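Heads up, the thing below is written out as structure tokens.
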Amino acid sequence: MARIRIWIDPQHRDGTVCEHAITPSGKPRDPKAGCTDRTRYQVMCSEHGAVGEPHGLRTLAESTQTAHRNSHKAALARPAA
Numbered sequence: 589m590a591r592i593r594i595w596i597d598p599q600h601r602d603g604t605v606c607e608h609a610i611t612p613s614g615k616p617r618d619p620k621a622g623c624t625d626r627t628r629y630q631v632m633c634s635e636h637g638a639v640g641e642p643h644g645l646r647t648l649a650e651s652t653q654t655a656h657r658n659s660h661k662a663a664l665a666r667p668a669a
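Here it is in structure tokens:
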């Protein structure tokens, strides 16, 4: 059985993944890095891809991440038919 990975991608406004170092406010640490600020967070699953809609706050994405992880656990606990 393959390991399922669920993570949160920080994204720029255009949906590209933001890998820039940022300040606690979400602004780029290096103004010359070309970062347009992190504006949303997308929950990703190695099995299902993007999960739900992007969230404006990481804490909201974390609850979606937990719920999706729990749905995988529940599916494993169900007996095979």
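Under my numbering, the residue at position 33 of the sequence shown is numbered 621, and the numbers go up by one with no gaps.
All C-beta atoms, glycine included, are put in the ideal place defined by N, C-alpha and C.
None of these values were measured; they are calculated from a predicted model.
| said: With a threshold of 8 Å, are at least 3 pairs of Cβ atoms found where one atom belongs to the region 616-627 and the other to the region 650-657? | reply: no
| query | Where do the ends of the alpha helix (DSSP H) carrying HIS660 lie? | reply | Within the sequence shown, numbered from 1, the residue matching residue 660 stands at position 72. Where HIS660 is concerned, the enclosing alpha helix (DSSP H) stretches over 646-665.
| field | CB of ILE560 within 8 Å of CB of GLU650, strictly | value | No statement about residue 560 is possible, as the shown extent of the chain runs from 589 to 669 and does not include it.
| task | Taking PRO598 as part of the beta strand (DSSP E), name the residues at either end of that continuous run. | result | In the sequence shown, the residue the question calls residue 598 occupies position 10. It spans 594-599 - the beta strand (DSSP E) in which PRO598 sits, taken as one unbroken run.
| Would you call the CB atoms of ASP602 and MET632 closer than 8 Å? | Locating residue 602 in the sequence shown gives position 14, where the first residue counts as 1. Locating residue 632 in the sequence shown gives position 44, where the first residue counts as 1. Their beta carbons are not under 8 Å apart, which means ASP602 does not touch MET632 by this criterion.
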